[in-house]
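A.B. asks: The listed protein sequences correspond, in order, to chains A and B.
As numbered in our numbering, residues 752 to 1111 make up the first sequence, in order.
As numbered in our numbering, residues 752 to 1111 make up the second sequence, in order.
Protein chains: 2
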Amino acid sequence: MSPSVNIKRLLEARAELTDGGASGAPIVMSSRIRLARNLQGMCFPGRAKTAQRRDVLSTCENAVAQLPHMQEATVLHIDELGELERQVLVERHLISRELSQGEAGSGVIISREQDCAIMINEEDHLRIQVLRNGGSFEEIWSVIDEIDSKLEEDLDFAFSGELGYLTACPTNVGTGMRASVMLHLPGLVIDSQMDKVIRAVNQMGMVVRGLFGEGSDASGSIFQISNQQTLGEAEQDILTRLKGEAIDTIIEQERNARQRLLENEPEKILDKIGRAYGILQNGHVLSSAEAMSHLSLLRLAIDSGFIQEQWRGEVDRLLIEMQPGHIQLAACETIDSHERDTARASFLREETRRIPPPNL
Amino acid sequence: MSPSVNIKRLLEARAELTDGGASGAPIVMSSRIRLARNLQGMCFPGRAKTAQRRDVLSTCENAVAQLPHMQEATVLHIDELGELERQVLVERHLISRELSQGEAGSGVIISREQDCAIMINEEDHLRIQVLRNGGSFEEIWSVIDEIDSKLEEDLDFAFSGELGYLTACPTNVGTGMRASVMLHLPGLVIDSQMDKVIRAVNQMGMVVRGLFGEGSDASGSIFQISNQQTLGEAEQDILTRLKGEAIDTIIEQERNARQRLLENEPEKILDKIGRAYGILQNGHVLSSAEAMSHLSLLRLAIDSGFIQEQWRGEVDRLLIEMQPGHIQLAACETIDSHERDTARASFLREETRRIPPPNL
């Protein structure tokens, strides 16, 4: 099967999943946990020769193929993918930007439900990630813990009794775990409170960043909150602390901000939502950032009951599919930024015409 | 009949006129000519005592009542009108801002078709104005010339064989005539050519100003072009020169600008039109200036065939009725600027919902 066919299947399957209602919840868009693991006695990917990388890839693929969770999975080798295909995978958060630039011997295995993606030869030999729309860490942890344990039956992970799991970068040593949630925080953004929130979260030793990873701006009021610490604390303690100290507090603050805005300045919010809807349905030139911001407001409209809940999956899908790689893959070619903005506007006009006007 | 009832009748009659298709043309929204006249031997209004002003008012009203053109006209005394009613008349260009601040003895007589308004005791004893949607100076001139001649049969106008008609302000001495057209120039505005056009027109001794008279900004890409000179040239020569040298040239430049924009940057124009339509239909806070700019783009869409011609009258009506005085009169009270912006958005949402999406 050619990679293009594989990618096509992934995109189609995902559309099915989203239409089926597997979309996020108000405020919490998705939650994910990833574990970094390495094979005992093998060079870390950054230092390995191609032959060694291929060895690791093949060993890991065989182990992953045994996992009950990964039956009917899609196996992709990065060096066999076109540039746009890699970009689409990054935009779907199925692979990291780093893996998308990987050489021969890098790959990813994606579960049929696309709720589990195992990257091979990214920074570490294995990066196992499990995600859920909305979702809770407890549920995700039980899945990823089982996958990790099953893989460890086949594979010999690099582990130190004193330090825990060994990783290419010292910041991951210990649990090798990074847990994160994607939060939709338009209330705090409109109310100019995000700077304060980011400072508070950082002081707890946790990290807030924009939708597209480190250093990127927070587009569409979507932020990722994750733990920084991986050493000296058990996984479940880290998860409990991340949720209890940071996430629950931010969710509460976002709820309060929304309520305050709707009480004190209802027209301001209704105006923002109305304009977003009107521009999505009628614009002819739309950058990613602007589209993101308008779709974010439609999501807020759904949370607030102005647009019916049934459209949440649609809006979440559009947030993914209006990104540059997706727009270009749909156009079947690489097109420049201006052509993308035109194609994006056309795509969004078409798609949002089906959504009835917000009941403002 | 109370003034309120009179004003109500005016507004309703106007709606009928507009619905009947008496709307402007592409680019030329309306044309008008006004003549300044004064009664021989009477103090100019600015120097007259109230009793003298009342005398002039009554004399002029009697003369105007004889005009065939002014049968079934509406007679309004400024000091009997509420503040909002005066403002509404200014917004409809039926009286000047100066007259709206007039004291006892100032009035206006408006023809049934609202194509003729004769102000009494503004700066001069009489300001006769005739206007047409779209329209040509020849047609307007023949109407106003007849009105002027008929009035002169009853009234003794202050006239000097050497200077012509005498007026309160020396800049009107001679013909006492000011001719103007209201031009809709979005192409030149978007193409950043208006500064150049204004300079060129000024050098010809003519004046360009924004929609709401001297010193005001050009809102909605609507500009008024008028003659400056009133002395030493016959009326028809002034009209011919104004049309031939200035107006026809600007219309040609506007046509070229539109064609160039639609050829070179079609998405830019389609995007502007689409967003204007989307925001009018969905916004919840709209200032006069923003509403004006969006409605101006709908008018451009009609000129370009993206919206059907039948909606031109509607858009021209909305350009008038979304102004602050109209919005407040509809709300039956004086409301602050923020409440007006909310009421305006609500009015425009309602009204523009009927206009089908531009076929872009």
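For glycine and all other residues, C-beta sits at the position ideal for the given N, C-alpha and C.
Keep in mind it's a predicted model, so treat the numbers as computed, not measured.
Are the segment 1097-1106 of chain A and the segment 1014-1021 of chain B in contact at 8 Å, needing three or more beta carbon pairs?
C.D. replies: Verdict: no, contact absent.
A.B. asks: Taking 8 Å as the cut-off, decide whether the C-beta atoms of A:G1025 and B:G915 are in contact.
C.D. replies: Taking the first sequence and counting its residues from 1, one reaches residue 1025 of chain A at position 274. Taking the second sequence and counting its residues from 1, one reaches residue 915 of chain B at position 164. No, they are not a contact pair.
A.B. asks: Determine the burial state of B:L917: buried for a count of at least 16 other Cβ atoms within 10 Å of its Cβ, exposed for fewer.
C.D. replies: Residue 917 of chain B sits at position 166 when you count from the first residue of the second sequence. Buried, by the Cβ-count rule.
A.B. asks: I'd like to know whether the C-beta of A:F1057 is nearer than 8 Å to at least one C-beta of chain B.
C.D. replies: Position 306 of the first sequence, counted from the start, is the residue given in the question as residue 1057 of chain A. Not closer than 8 Å to any Cβ of chain B, the Cβ of A:F1057 fails to qualify, so no.
A.B. asks: Measure the CB-CB distance between A:M1043 and A:S970 and report whether it falls below 8 Å.
C.D. replies: The residue given as residue 1043 of chain A occupies position 292 in the first sequence. The residue given as residue 970 of chain A occupies position 219 in the first sequence. Taking 8 Å as the Cβ cut-off, A:M1043 and A:S970 qualify as a contacting pair.
A.B. asks: Name the one or two DSSP bridge partners that A:R883 has.
C.D. replies: Reading the first sequence from its first residue, position 132 is the one you call residue 883 of chain A. Answer by DSSP bridge pairing, in chain order: A:S782.
A.B. asks: What do you reckon, are the CB atoms on B:H828 and B:G797 nearer than 8 Å?
C.D. replies: Position 77 of the second sequence, counting from 1, holds the residue named residue 828 of chain B. Position 46 of the second sequence, counting from 1, holds the residue named residue 797 of chain B. No, the pair does not count as a contact, with Cβ atoms beyond the cut-off.
A.B. asks: Note down, in chain order, all residues in the segment 1015-1039 of chain A with a beta-carbon under 9 Å from any beta-carbon belonging to chain B.
C.D. replies: Residues P1017, E1018, K1019, I1020, L1021, D1022, K1023, I1024, G1025, R1026, A1027, Y1028, G1029, I1030, L1031, Q1032, N1033, G1034, H1035, V1036 and L1037.
A.B. asks: Assuming A:L939 and A:M945 make a contact with CB atoms under 8 Å, what is their CB distance in whole Å?
C.D. replies: Taking the first sequence and counting its residues from 1, one reaches residue 939 of chain A at position 188. Taking the first sequence and counting its residues from 1, one reaches residue 945 of chain A at position 194. Confirmed, Cβ separation roughly 5 Å.
A.B. asks: What's the C-alpha gap between A:I1071 and A:H1077?
C.D. replies: The residue labelled residue 1071 of chain A in the question sits at position 320 within the first sequence. The residue labelled residue 1077 of chain A in the question sits at position 326 within the first sequence. Their backbone Cα atoms lie some 8 Å apart in a straight line.
A.B. asks: With DSSP run on the structure shown, which of helix, strand or coil describes A:A867?
C.D. replies: Taking the first sequence and counting its residues from 1, one reaches residue 867 of chain A at position 116. First, the amino acid is wrong: residue 867 of chain A is Cys here, not Ala. Reduced to three states, the DSSP call for A:C867 is strand.
A.B. asks: Counting C-beta neighbours from all protein chains within 10 Å, is the total for B:D907 16 or more, i.e. buried, or is it exposed?
C.D. replies: Numbered from 1 along the second sequence, position 156 holds the residue referred to as residue 907 of chain B. Counting Cβ neighbours within 10 Å, B:D907 comes out exposed, since fewer than 16 surround it.
A.B. asks: How would you call B:R1105, buried or exposed, if buried means at least 16 neighbouring beta carbons within 10 angstroms?
C.D. replies: Within the second sequence, the letter at position 354 stands for residue 1105 of chain B. By the neighbour-count rule (16 or more Cβ atoms within 10 Å), B:R1105 is not buried but exposed.
A.B. asks: Label A:C920 either buried or exposed according to how many other C-beta atoms from any shown protein chain fall within 10 Å of its C-beta, with 16 as the threshold for buried.
C.D. replies: Taking the first sequence and counting its residues from 1, the one referred to as residue 920 of chain A is at position 169. It is exposed - the Cβ of A:C920 has fewer than 16 other Cβ atoms within 10 Å.
A.B. asks: Can you check the segment 926-954 of chain A for any beta strand (DSSP E) of at least 3 residues that lies completely inside it and give the ranges in chain order?
C.D. replies: List check, beta strand (DSSP E) in window: 928-935.
A.B. asks: By a C-beta neighbour count over all protein chains shown, 10 Å radius and 16 as the cutoff for buried, is B:E823 buried or exposed?
C.D. replies: As a working note, residue 823 of chain B is residue 72 in the second sequence. It counts as exposed.
A.B. asks: What does the alpha-carbon distance come out to for the pair B:Q1059 and B:E1065?
C.D. replies: One-based indexing of the second sequence puts residue 1059 of chain B at position 308. One-based indexing of the second sequence puts residue 1065 of chain B at position 314. Answer to the nearest angstrom: the Cα atoms are 11 Å apart.
A.B. asks: Going by Cα to Cα distance, which pick from A:E854, A:N757 and A:A930 is closest to A:R863?
C.D. replies: For this step, residue 863 of chain A is matched to residue 112 along the first sequence. Among A:E854, A:N757 and A:A930, the Cα nearest to that of A:R863 belongs to A:N757.
A.B. asks: Looking at the secondary structure, which residues open and close the alpha helix (DSSP H) in which B:L827 lies?
C.D. replies: Here residue 827 of chain B is taken as the residue at index 76 of the second sequence, counted from 1. No alpha helix (DSSP H) contains B:L827, which is instead part of the beta strand (DSSP E) from T825 to H828.
A.B. asks: With 7 Å as the limit, tell me which residues of the segment 1077-1093 of chain A have their beta carbon closer than that to any beta carbon of chain B; keep them in chain order.
C.D. replies: If the cut-off is 7 Å between Cβ atoms, the segment 1077-1093 of chain A has T1093 near chain B.
A.B. asks: B:L1111 versus chain A: which residues are under 7 Å apart at the beta carbon?
C.D. replies: Here residue 1111 of chain B corresponds to residue number 360 of the second sequence, with the count starting at 1. Per Cβ cutoff of 7 Å: H1035.
A.B. asks: Excluding the five sequence neighbours on either side, which residues of its own chain have a C-beta within less than 8 Å of the C-beta of A:Q987, listed in chain order?
C.D. replies: By one-based count along the first sequence, residue 987 of chain A stands at place 236. Cβ within range, chain order: W892.
A.B. asks: Within 10 angstroms of its Cβ, does A:N978 collect 16 or more other Cβ (buried), or is it exposed?
C.D. replies: As a working mapping, residue 978 of chain A is identified with position 227 in the first sequence. Buried, since its Cβ has 16 or more Cβ neighbours within 10 Å.
A.B. asks: Closer than 6 Å by C-beta to B:G772: which residues in its own chain qualify, once you throw out the five before and the five after it? Chain order, please.
C.D. replies: Mapped onto the second sequence, residue 772 of chain B falls at position 21. Any reading at B:G772 must be qualified, since the residue scores a pLDDT of 44, below 50, and its modelled position is unreliable; the value itself is stated next. These residues qualify, in order along the chain: G1064.
A.B. asks: Does B:S977 have its Cβ less than 8 Å from a Cβ in chain A?
C.D. replies: Mapped onto the second sequence, residue 977 of chain B falls at position 226. Chain A contact via Cβ: absent.
A.B. asks: In terms of residues, what are the limits of the alpha helix (DSSP H) holding B:D1076?
C.D. replies: Here residue 1076 of chain B refers to the residue found at position 325 of the second sequence. Looking at the sequence shown, residue 1076 of chain B is not Asp but Gly. From DSSP, the alpha helix (DSSP H) with B:G1076 extends over P1075 to A1082.
A.B. asks: Helix or strand or just coil, what does DSSP make of A:L1111?
C.D. replies: On the first sequence, position 360 is the one that residue 1111 of chain A refers to. Three-state DSSP puts A:L1111 in coil, outside helix and strand.
A.B. asks: CB-CB under 7 Å to B:F1057, same chain, minus the five flanking residues each way: which ones, in chain order?
C.D. replies: Walking along the second sequence from the start, residue 1057 of chain B turns up at place 306. Same-chain partners within the cutoff: I1024, P1109, N1110 and L1111.
A.B. asks: Report the three-state DSSP secondary structure of A:N978 (helix, strand or coil).
C.D. replies: Within the first sequence, numbered from 1, the residue matching residue 978 of chain A stands at position 227. In this structure, A:N978 counts as strand in the three-state DSSP scheme.
A.B. asks: Sort out for me which residues DSSP pairs B:S911 with in a bridge.
C.D. replies: Against the second sequence, residue 911 of chain B aligns to sequence position 160. DSSP lists B:G915 as partners of B:S911.
A.B. asks: Pick from B:L1049, B:E842 and B:R878: whose alpha carbon is nearest that of B:V807?
C.D. replies: Indexing the second sequence from 1 puts residue 807 of chain B at position 56. For B:V807, the nearest C-alpha among the options comes from B:R878.
A.B. asks: If the criterion is Cβ atoms closer than 8 Å, does the pair B:G1029 and B:L982 meet it?
C.D. replies: As a position in the second sequence, residue 1029 of chain B is number 278, starting the count at 1. As a position in the second sequence, residue 982 of chain B is number 231, starting the count at 1. No.
A.B. asks: Assuming the contact rule is C-beta atoms closer than 8 Å, B:S972 and B:P937 should be a hit. Round their C-beta distance to whole Å, please.
C.D. replies: Against the second sequence, residue 972 of chain B aligns to sequence position 221. Against the second sequence, residue 937 of chain B aligns to sequence position 186. Contact holds; Cβ gap of about 4 Å.
A.B. asks: Rounded to a whole number of angstroms, what is the C-alpha to C-alpha distance between A:F795 and A:D830?
C.D. replies: As a working mapping, residue 795 of chain A is identified with position 44 in the first sequence. As a working mapping, residue 830 of chain A is identified with position 79 in the first sequence. Their backbone Cα atoms lie some 19 Å apart in a straight line.
A.B. asks: On a CA-only basis, which of B:A814, B:D1087 and B:A1040 is nearest B:G961? Give me that one, please.
C.D. replies: On the second sequence, residue 961 of chain B is found 210 positions in, with the first residue counted as 1. The shortest C-alpha separation from B:G961 is found at B:A1040.
A.B. asks: Quick one, which of B:V958, B:K994, B:A868 and B:S931 has its alpha-carbon nearest B:V881's?
C.D. replies: To locate residue 881 of chain B, count along the second sequence from 1; it is residue 130. Of B:V958, B:K994, B:A868 and B:S931, the residue nearest in Cα terms is B:A868.
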